[in-house]
Amino acid sequence: MNRLKRTMKMLQSWLGTHRIHLIAWSVFIIWETVVVIYWAGMAGTFGNYAIHYTINITLFYTYALLLEKATAFHNGAIWKVPLVVISTILIYLGIVTGVDILLNTYTNILPGELPSLRIRIAKVLYRGSFFLLFSTGYYFLKRFIKEKTEKSRIEKQRFQMLIEKEKMEKELAMSKNAFMKAQINPHLLFNTFEFVHQKLSAHSPEDAKVMLYLSDMMRFAANTQHNEGFVYLSDEISQCENLIALHHITQGAVYVELASGPDLDEIKLIPLVLLTILENMFKHGNLNDVENKATIAVYTYDGKLHIESRNLPRLIKSKVGFGSGMDNISNRLKYAYHQNAEMIAGIDEEGFYTLSISISLNVLNIVPKTTKAEQIHA
Numbered sequence: 003m004n005r006l007k008r009t010m011k012m013l014q015s016w017l018g019t020h021r022i023h024l025i026a027w028s029v030f031i032i033w034e035t036v037v038v039i040y041w042a043g044m045a046g047t048f049g050n051y052a053i054h055y056t057i058n059i060t061l062f063y064t065y066a067l068l069l070e071k072a073t074a075f076h077n078g079a080i081w082k083v084p085l086v087v088i089s090t091i092l093i094y095l096g097i098v099t100g101v102d103i104l105l106n107t108y109t110n111i112l113p114g115e116l117p118s119l120r121i122r123i124a125k126v127l128y129r130g131s132f133f134l135l136f137s138t139g140y141y142f143l144k145r146f147i148k149e150k151t152e153k154s155r156i157e158k159q160r161f162q163m164l165i166e167k168e169k170m171e172k173e174l175a176m177s178k179n180a181f182m183k184a185q186i187n188p189h190l191l192f193n194t195f196e197f198v199h200q201k202l203s204a205h206s207p208e209d210a211k212v213m214l215y216l217s218d219m220m221r222f223a224a225n226t227q228h229n230e231g232f233v234y235l236s237d238e239i240s241q242c243e244n245l246i247a248l249h250h251i252t253q254g255a256v257y258v259e260l261a262s263g264p265d266l267d268e269i270k271l272i273p274l275v276l277l278t279i280l281e282n283m284f285k286h287g288n289l290n291d292v293e294n295k296a297t298i299a300v301y302t303y304d305g306k307l308h309i310e311s312r313n314l315p316r317l318i319k320s321k322v323g324f325g326s327g328m329d330n331i332s333n334r335l336k337y338a339y340h341q342n343a344e345m346i347a348g349i350d351e352e353g354f355y356t357l358s359i360s361i362s363l364n365v366l367n368i369v370p371k372t373t374k375a376e377q378i379h380a
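For the sequence shown, position 308 matches number 310 in the working numbering, and the numbering has no gaps at all.
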């Protein structure tokens, strides 16, 4: 029953798609039949009509398809089209002539004596040329509609891209405006940090270090926007060390080890990758277990930059920004380095949260130390 329903549904869909063709052929066959009956005073057998119209309709669509294939590429079309015309007519001539002989010899569908071969060939050539002419018109009409549809699609796509571009430009302008409104004068901020640091130094030197770490980290964040979207990896490692020292002062004993290779000074990376990983540790990790210290390792090996972290997760997960920081890193890496960057994160067999990032060195900005020194002094 379900199979029958599916078949009926497919048939209805096919009839709906090709209804114009079915109507056109029905009108044409009825018109030709009426004309033949009017002029000849008699009609042929149903079998004769069915067989020959099947051949002619097949010729119509086959020739249009062959024309489409022959003109798909401009190279060779000048000899392919005549070849298609000649071969189609010859095949059509052979099929119709052979079918007429078989029908006349072995059936009653085409009774009576057949005309001479010369007359039959002339009639078949005329009839074939008639359908080839209409098939050619159908091919050009189909091609015109296809090109018009494609042109309309391209124009629509272009218009949509212009709208999206204008929307992005407006959003960018609004973001810049909002940033300018929210921006605090960095000189005022750093001078304030220095003032608080001096005041605290006289009473609590240990607490005064907090202001130094904060000032250094804020200066790093403020300078990031002027570095064309990239920062020296060694600079961000220094800020990670500041952040660890800051947590030592504010939270007491936290066990985090940060290890970095000796060849990282010249590598520039998109900012806040290491800092986000470290912040994620402080937010969601258990860093109070001296036997299971959290670790971050940054090094180069086998033509790639590797960043690996490992820490025990907290028993009670923090609901504040859970997972968003790692998703942010993954999206930014894909946007900046595409398939040249890979990030894998998850809980290993021992219950540790592990993170592994690898980036091909050939897509990273590598600036010599001399250039870096010149930029700093400039």
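C-beta atoms are modelled at their ideal positions from N, C-alpha and C, and glycine is treated no differently.
CB-CB under 6 Å to residue i, same chain, minus the five flanking residues each way: which ones, in chain order?
| i | result |
| --- | --- |
| Asn106 | Leu112 and Leu116 |
| Val365 | Tyr339 and Asn342 |
| Phe324 | Note on Phe324: pLDDT 48, under 50, position unreliable in the model; no value is reported. |
| Gly130 | Ile91 and Tyr94 |
| Asn294 | Leu314 |
| Leu266 | Leu235 and Ser236 |
| Ile309 | Val300 and Ile359 |
| Phe133 | Asn58, Leu61 and Phe62 |
| Leu69 | Tyr141 |
| Ile312 | Reading off the sequence shown, one finds Arg at residue 312, where the question assumed Ile. Only Thr297, Phe354 and Thr356 meet the Cβ criterion. |
| Tyr65 | Thr90, Leu134 and Ser137 |
| Ile103 | none |
| Ser332 | Met345 |
| Gln14 | none |
Check whether the Cβ of residue i lies closer than 7 Å to any Cβ atom in chain C.
| i | result |
| --- | --- |
| Asn367 | This model lacks chain C altogether, as it is built from one protein chain only. |
Can you find the residues in the same chain that come closer than 8 Å, C-beta to C-beta, to residue i, ignoring five residues on each side of it along the sequence?
| i | result |
| --- | --- |
| Asn290 | Ala255, Val256 and Tyr257 |
| Leu17 | Leu24 |
| Cys242 | Leu260, Leu276, Leu277, Leu280 and Ile298 |
| Lys336 | Ala343 |
| Lys169 | none |
| Asn50 | Leu105, Ile111 and Leu112 |
| Gly287 | Ala296, Asn313, Leu314, Pro315, Arg316 and Tyr355 |
Provide the residue span of the alpha helix (DSSP H) that contains residue i, from first to last.
| i | result |
| --- | --- |
| Glu238 | Leu235 to Gln253 |
| Met283 | Val275 to His286 |
| Glu70 | Phe48 to Ala72 |
| His34 | Here the sequence assigns Glu to residue 34, which means His is not the residue at that position. Unbroken alpha helix (DSSP H) run through Glu34: Arg21 to Ala42. |
| Leu95 | Ala79 to Tyr108 |
| Glu331 | Position check: residue 331 holds Ile in this sequence, whereas Glu was assumed. Start and end: Ser326 to Tyr339. |
Which residues bound the beta strand (DSSP E) around residue i?
| i | result |
| --- | --- |
| Glu310 | Lys306 to Pro315 |
| Ala261 | Val258 to Ser262 |
| Leu271 | Ile269 to Leu271 |
Name the DSSP beta bridge partners of residue i, please?
| i | result |
| --- | --- |
| Tyr355 | Asn313 and Ile349 |
| Ser360 | His308 and Glu344 |
| Ser203 | Note: Ser203 sits in no beta bridge, so no partner. |
| Ala296 | Val258 |
| Thr151 | In the DSSP output, where bridge partners are listed per residue, Thr151 has none listed. |
| Ile111 | Bridge partners of Ile111: none, in fact. |
| Thr302 | Leu307 |
| Asn4 | Answer is none; Asn4 lacks a bridge partner. |
| Ile123 | Looking at the DSSP assignment, Ile123 forms no beta bridge with any residue, so it has no partner. |
| Asn367 | Lys270 |
Can you find the residues in the same chain that come closer than 7 Å, C-beta to C-beta, to residue i, ignoring five residues on each side of it along the sequence?
| i | result |
| --- | --- |
| Gln162 | none |
| Leu384 | Because the chain here runs from 3 to 380, residue 384 falls outside it and cannot be looked at. |
| Asn47 | Residue identity check: residue 47 is Thr in the sequence provided, not Asn. For Thr47, where only same-chain residues beyond five positions count, the Cβ hits under 7 Å are Ile111. |
| Val233 | Thr226, Lys270, Leu271 and Pro273 |
| Tyr215 | Asn244, Ala247 and Leu248 |
| Tyr40 | none |
Taking residue i and residue j to be in contact with their CB atoms under 8 Å, please state how far apart those CB atoms are, rounded to whole angstroms.
| i | j | result |
| --- | --- | --- |
| Ile251 | Val292 | That belief does not hold up - the Cβ atoms of Ile251 and Val292 are roughly 18 Å apart, past 8 Å. |
| Glu344 | Ser326 | 20 Å between Cβ atoms; not a contact. |
| Met219 | Asn282 | Actually they are not in contact, since the Cβ atoms of Met219 and Asn282 sit about 16 Å apart, beyond 8 Å. |
| Tyr355 | Ile346 | Not quite, the Cβ-Cβ distance comes to about 12 Å (not below 8 Å), so this is no contact. |
| Thr73 | Val83 | 7 Å |
| Phe222 | His249 | Not quite, the Cβ-Cβ distance comes to about 17 Å (not below 8 Å), so this is no contact. |
| Thr35 | Ala45 | 7 Å |
| Ile53 | Val126 | About 14 Å; that fails the 8 Å criterion. |
Please determine if the segment 88-103 and the segment 53-64 are in contact, where contact requires at least 3 C-beta pairs separated by less than 8 Å.
-> Yes: at least three Cβ pairs fall under 8 Å.
Examine the Cβ distances between the segment 313-320 and the segment 268-278 and report whether three or more of them are shorter than 8 Å.
-> no
Inter-stretch contact at 8 Å, needing at least 3 Cβ pairs: the segment 79-91 / the segment 141-158 | no
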